[in-house]
């Protein structure tokens, strides 16, 4: 694995997001990006990807939300533009850059992965649905949507919207279905409890 490349990329993305994201990006910030990178690393190891495939997926994970520095809506397109230029300067091949960009595009909602690598990034981007801190993440996302999109919800509306999303969401990879799905079900239970209060 090209640890030097990934280390440079991490430094670049941390500096970019910390210095250029709007202050109201309560959820889609460096914390979310690190979580997605960790999810990709977990899936890559579980699925025994080749070194080249692992490199592609980790590069895509670091860059998938960088477009938020240019705009909230359609941020995937901005991320792809940024990734293309940056990765050329970092001497990735045309094929590698194309693979990274198709992975980023696949995370656009509703997710539509067409390859195993795209499925991995899509699942890692939704890893938070399965984590114990999910309810805290929801609070941050609600604040972000209010600030960035002007969207407001009552507590019950917010919990219901997200409960519906969790119940309809399906992970693509076997590992995520076998390991992360249980955590997601627990979080549906937490939302059920909040809705019953």
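In the UniProt record's numbering, the protein residues as written are 1 to 197. Glycine included, every Cβ here is placed at the ideal spot set by N, Cα and C.
With respect to the alpha helix (DSSP H) encompassing residue i, which residues constitute its N-terminal and C-terminal limits?
i: residue 83; result: 75 to 89
i: residue 100; result: 94 to 106
i: residue 187; result: 181 to 196
i: residue 11; result: 3 to 20
i: residue 33; result: 30 to 46
i: residue 156; result: 155 to 168
i: residue 148; result: 134 to 149
i: residue 173; result: No alpha helix (DSSP H) contains residue 173, which DSSP labels as neither H nor E.
i: residue 59; result: 51 to 63
i: residue 121; result: 116 to 125
Assuming residue i contacts residue j (C-beta within less than 8 Å), just tell me the rounded distance between them.
i: residue 165; j: residue 123; result: 15 Å between Cβ atoms; not a contact.
i: residue 104; j: residue 76; result: 6 Å
i: residue 127; j: residue 35; result: 6 Å
i: residue 121; j: residue 61; result: 6 Å
i: residue 67; j: residue 82; result: 6 Å
i: residue 137; j: residue 27; result: 6 Å
i: residue 87; j: residue 13; result: Wrong, their Cβ atoms sit about 12 Å apart, outside the cutoff.
Thinking C-beta only, is residue j closer than 7 Å to residue i?
i: residue 71; j: residue 78; result: yes
i: residue 74; j: residue 33; result: no
i: residue 112; j: residue 183; result: no
i: residue 230; j: residue 159; result: In the structure as shown, the chain starts at 1 and stops at 197, and residue 230 therefore has no counterpart that could be examined.
i: residue 106; j: residue 118; result: yes
i: residue 29; j: residue 148; result: no
Exercise for review: Take every Cβ of the segment 47 to 63, pair it with every Cβ of the segment 94 to 106, and state whether three or more of those distances are shorter than 8 Å.
Suggested key: Taking a cut-off of 8 Å for Cβ pairs, the segment 47 to 63 and the segment 94 to 106 touch, as three or more such pairs fall below it.
**Study point:** Segment contact flag, the segment 39 to 52 with the segment 173 to 183, C-beta cutoff 8 Å, min 3 pairs
**Key:** yes
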